[in-house]
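Scroll down for the structure; my scribbles are underneath it.
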Amino acid sequence: MKNKRKLIILGLILFSLICIYIGKNYIEGKKQINSQSVNVIENLEEAKDGIPTIIMFKTDTCPYCVEMQKELSDVSKEREGKFNIYYARLEEEKNIDLAYKYDANVVPTTVFLDKEGNKFYVHQGLMRKNNIETILNSLGVK
1 MKNKRKLIIL GLILFSLICI YIGKNYIEGK KQINSQSVNV IENLEEAKDG IPTIIMFKTD
61 TCPYCVEMQK ELSDVSKERE GKFNIYYARL EEEKNIDLAY KYDANVVPTT VFLDKEGNKF
121 YVHQGLMRKN NIETILNSLG VK
């Protein structure tokens with residue numbers, strides 16, 4: 001009976017430690033994703049520096065947004081400095097007017113702007129890396 005009780009207590013402790021570890025990693029990952037969000041409205045004017053710009057409208061609770069952000073991150077690493085990326089969190093009221101401007105009715109919505117800051121392409125929903133690269137190639141980003 002004592003051994004069974006010890007095993008149950010040990011199991012509960014182990015389960016608790018696993019839950020704490022998973023929770024901590026989830027929160028850290030979420031912080032990392034959120035830290036990449038910027039004030040898009042203020043920085044959009046600065047973005048017109050002769051290279052294309054991508055604006056991704058997202059929410060923190062959208063699993064497709066998280067996946068899309070990973071796809072954009074992969075492309076960005078391969079073509080570093082050749083285009084700008086801004087993440088507009090729709091939980092922030094300051095990004096709502098910008099979402100209306102670019103018809104971001106669903107998340108994720110990805111807006112591609114040309115070198116002059118003109119709207120080139122808008123995609124609603126998840127995009128994969130190869131689709132993103134095709135559009136960037138059309139914008140002259142090699």
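Mapping of the sequence shown onto the UniProt record's numbering: residues 1 to 142, in sequence order.
Note that the Cβ used here is the ideal one computed from N, Cα and C, for glycine as well.
Note that the structure is predicted; figures quoted are calculated from it, not measured.
Nearest Cα to Lys-142 within the set Lys-2, Lys-82, Lys-58, Ile-55: Lys-82. Within 10 angstroms of the beta-carbon of Tyr-121 lie fewer than 16 other beta-carbons, which makes it exposed.
When DSSP states are grouped into helix, strand and coil, Leu-10 belongs to the helix group. Every alpha helix (DSSP H) stretch that sits fully inside the segment 88-114 and reaches 4 residues is listed by chain position as 96-101. Here the C-alpha atom of Ile-9 lies approximately 38 Å from the C-alpha atom of Glu-67. Counting C-beta atoms within 10 angstroms of its own C-beta, Arg-5 has fewer than 16 neighbours from the protein chains shown and is therefore classed as exposed.
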